[in-house]
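Student: According to the numbering used here, the sequence shown is numbered sequentially starting from 494. So that we are looking at the same thing, I have put the structure below in structure tokens.
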Amino acid sequence: MGAVEVFFLGDMGVLLDVAAEHDIVKKSGTWFSYKEERIGQGREQAKTFLEAHPEMLKEIEVRVKAQIASGVVPTKEPKEKDKKDS
């Protein structure tokens, strides 16, 4: 029998963080956006927005789980400051 991995992203804050790491949710400064729509300035406002929009929350969760299941590891470009230090 094959191994089964269980993903639990019950904490909406963790879901936002993982979605941002995988570029599913974009984070610019303190703003969170999904598909060109700003969903909140700051983590708490983004969480409140997603609570009020469960269909969007579900869509983000499905995309995050698919990314994790596919084994795709998020890669981030070093920030300009980090590039200069290298």
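C-beta atoms are modelled at their ideal positions from N, C-alpha and C, and glycine is treated no differently.
By the 10 Å Cβ neighbour count, where 16 or more other Cβ atoms means buried, how is Lys-540 classified, buried or exposed?
Tutor: Counting Cβ neighbours within 10 Å, Lys-540 comes out buried, since at least 16 surround it.
Student: Let's see if you can read the secondary structure: which residues bound the alpha helix (DSSP H) around Ile-553?
Tutor: First-last of the alpha helix (DSSP H) with Ile-553: 547-563.
Student: By alpha-carbon positions, which one of Glu-544, Thr-523, Tyr-527 ends up nearest to Gln-534?
Tutor: The shortest Cα separation from Gln-534 among Glu-544, Thr-523, Tyr-527 belongs to Thr-523.
Student: Out of Ala-513, Met-549, Pro-547, which has the shortest C-alpha to C-alpha gap to Gln-560?
Tutor: Minimum Cα distance to Gln-560 is reached at Ala-513.
Student: Quick one, are the C-beta atoms of Val-557 and Leu-508 less than 9 Å apart?
Tutor: Yes, Cβ-Cβ distance for Val-557 and Leu-508 is below 9 Å.
Student: Classify Glu-537 as buried or exposed, calling it buried when 16 or more other Cβ atoms lie within 10 Å of its own Cβ.
Tutor: When all chains shown are included, Glu-537 counts as exposed.
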